[in-house]
Each structure stands twice: as C-alpha cells, then as structure tokens.
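Peer 1: In the numbering used here, the protein residues as written are 1249 to 1375. Take this structure, written in structure tokens, and hold onto it; I'll ask about it next.
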C-alpha cells in the first residue's frame, strides 16, 4: 500500500515537471517598456494606441514592429531588443516617421492636373 502511494506521487511529480517544461520558453517573450513602444509609434512602426484598449499589444505585432525597425536601420534582424537595437533607438534623428500612412502608400499621387485653361499669350519677350 505504501509503495503504491509513493509510485502515484512519483508519477504526479514527473507529470507536473513534464507539463512545466513543455511550456513556452521565457526568452520568446519580448519586454518593451513604454519608451520603446512610444518610439515605435512615433516613427510609424506601431499604430497609435486606442484609449479604450490602452497599451495592449499582441506579441507578434510588437515583434514585427521591431523587425521592421531593424531592417530599416540596417542592423541584424532578430525581432528582439538587443544592444544594436537599443543603440539605434538612442541615436539622434528628425521627428519624421519612417513609414508614411499605409492608406496612402499604395495610391499614386499626381504632381499635376490637366484642366481646360490655357495660357492666352503666344508671343513671349525677354527683358
């Protein structure tokens, strides 16, 4: 009877450790403080936060934003905030977003318009 209890206890402990070990690894979670998220929002890598949801972001969205920043900055693309990424974030730069508003990125902007008016003068003189 005593050996059966020990065996059941042993099985429960092994099962618990197996479940614990099969969880998500700790290194896959990205920790980005408010400064990094504000930087990514300011320069167009993350959408502006909604007041209703606050700073709730999905990990994949944050990882993609960091990858895009790394690719645009010309540093190795890891998807994590490493030393090269921190150095890139701390570098001085202008306040213009790296990526324009995506709604207008795929549309063609004409630099002129064709309209019915014409220049009425045919003889030009130079002084």
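Ideal placement from N, C-alpha and C gives every residue a C-beta, glycine not left out.
Compare the beta carbon distance of residue 1284 and residue 1337 with 8 Å and say whether it is the shorter of the two.
Peer 2: Along the chain shown, one-based indexing puts residue 1284 at 36. Along the chain shown, one-based indexing puts residue 1337 at 89. Yes; because the gap between Cβ atoms is below 8 Å, this pair is in contact.
Peer 1: Tell me whether residue 1363 sits in a helix, a strand or coil according to DSSP, three-state version.
Peer 2: Here residue 1363 refers to the residue found at position 115 when the chain shown is read from its first residue. Three-state result, residue 1363: coil.
Peer 1: Return the CA-CA distance between residue 1292 and residue 1332, expressed in angstroms with no decimal places.
Peer 2: The residue labelled residue 1292 in the question sits at position 44 within the chain shown. The residue labelled residue 1332 in the question sits at position 84 within the chain shown. Approximately 20 Å, taken between the alpha carbons.
Peer 1: Residue 1306 by DSSP, collapsed to three states: which one?
Peer 2: The residue given as residue 1306 occupies position 58 in the chain shown. Residue 1306: coil per DSSP, three-state reduction.
Peer 1: Please list the terminal residues of the continuous alpha helix (DSSP H) segment that includes residue 1331.
Peer 2: If you number the chain shown from 1, residue 1331 lands on position 83. Note, residue 1331: alpha helix (DSSP H), 1331 to 1338.
Peer 1: With 16 other CB atoms within 10 Å as the buried threshold, where does residue 1310 fall?
Peer 2: As a first step, residue 1310 must be located in the chain shown, where it is residue number 62. Result: buried.
Peer 1: Rounded to whole angstroms, how far is the Cβ of residue 1289 from the Cβ of residue 1297, which I believe are closer than 8 Å?
Peer 2: Within the chain shown, numbered from 1, the residue matching residue 1289 stands at position 41. Within the chain shown, numbered from 1, the residue matching residue 1297 stands at position 49. About 7 Å; that satisfies the 8 Å criterion.
Peer 1: Leaving out five residues before and five after residue 1345 in sequence, what residues of the same chain have Cβ atoms less than 8 Å from its Cβ?
Peer 2: Working through the chain shown from its first residue, we reach residue 1345 at position 97. Cβ neighbours of residue 1345 beyond the five flanking positions: 1290, 1291 and 1292.
Peer 1: Closer than 7 Å by C-beta to residue 1280: which residues in its own chain qualify, once you throw out the five before and the five after it? Chain order, please.
Peer 2: Within the chain shown, the letter at position 32 stands for residue 1280. Closer than 7 Å at Cβ, skipping near neighbours: 1310 and 1329.
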